[in-house]
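Colleague: Residue numbering for the sequence shown follows our numbering, starting at 569 and increasing by one per position. By construction, the Cβ of each residue, glycine as well, lies at the ideal position given by its N, Cα and C atoms. Got a structure for you, questions after.
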Amino acid sequence: MRSILVCEDEAAIRDFVVINLQYAGYRVVEAASGEEALEKFDSDIDMALLDIMLPGINGFEVCRELRRRSNTMGIIMLSARTQEAEKIEALSLGADDYVTKPFSPSELIARIDALYRRVSAAREQPAEEIRSGDFTLNVRNRTVTKDGVPLDLTQVGYQILYLFFTHPNTPLERTEILRQVWGESYVGAEKIVDVNIRRLRMKIEDEPSEPVHIRTVRGQGYQWTA
Ligand code: CA
């Protein structure tokens, strides 16, 4: 069931919002303060609706903390003011959308439904980037950067790194690397792996002769360590 955390200190507004959300099919977790919202947060909650003006920690701080804990949850800020600066601050802290009071129930639900569609679509997509220490692999572009600088890789080099990044700190046998990167028909040609590992080390290691990222594990193969 789609779920949303509602953080609003004014009981009348909170009740109004909660009833409308429940009517629209949401499981609602209620909080009357930012502290309570952070306490009640759990990773199963899809979205949060956060009032900005709260006693104790304000909605901006709640937003920042929720975003630190989850980069997939949807966050909508609620404000009594229409100040552009406040809107920009909310969005820069990781909020996805912003609703100004007073709002109609249909407007609020439409915005929340729209965000829910974005959140659930994003969750279904496989990760676009895989990070490993200073390295970032972009699955869509099939590129890898080190400290933000693109590495000049062949497609085979990319595929080997993809295999390593998805199996960090695990020794991978040459035959396994060969099978995953080149396919079954190359079995028996483990030397190809060694040659390509040597090339990769030249590109990614600070000292290719003393590799720290692609290590040789005697008798077991190669192991990636970020
Ligand atoms: Ca308030």
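#1: Measure the alpha-carbon distance for lysine 771 versus leucine 719 and round it to whole angstroms.
#2: Does the pairing of the stretch 675-693 with the stretch 632-644 give three or more beta-carbon distances under 8 Å?
#3: Closer than 6 Å to a non-hydrogen atom of ligand 1 - does that hold for the CB of methionine 645?
#4: Just confirm the distance between the C-beta atoms of valine 785 and proline 739, as a whole number of angstroms; I'd bet it's less than 8 Å.
#5: Mapping DSSP to helix, strand and coil, what is asparagine 706?
#6: For aspartate 619, verify whether its CB is less than 6 Å away from any heavy atom of ligand 1.
#7: To which residues of the same chain is leucine 659 closer than 8 Å at the C-beta, ignoring the five residues directly before and after it?
#8: Is tyrosine 754 helix, strand or coil when you go by DSSP?
#9: Restricting to Cα atoms, I'd like to know which of His781, Ile680, Asp702 is closest to leucine 646.
#10: Can you give me the C-alpha to C-alpha distance between cysteine 575 and leucine 622, rounded to a whole angstrom?
Modeller: On the basis of the data shown:
#1: 7 Å
#2: Yes, the stretch 675-693 touches the stretch 632-644.
#3: no
#4: 4 Å
#5: Per DSSP, reduced to three states, the secondary structure at asparagine 706 is strand.
#6: Result yes, Cβ under 6 Å from ligand 1.
#7: Tyr666
#8: helix
#9: Ile680
#10: Distance from the CA of cysteine 575 to the CA of leucine 622, rounded to the nearest whole angstrom, comes to 9 Å.
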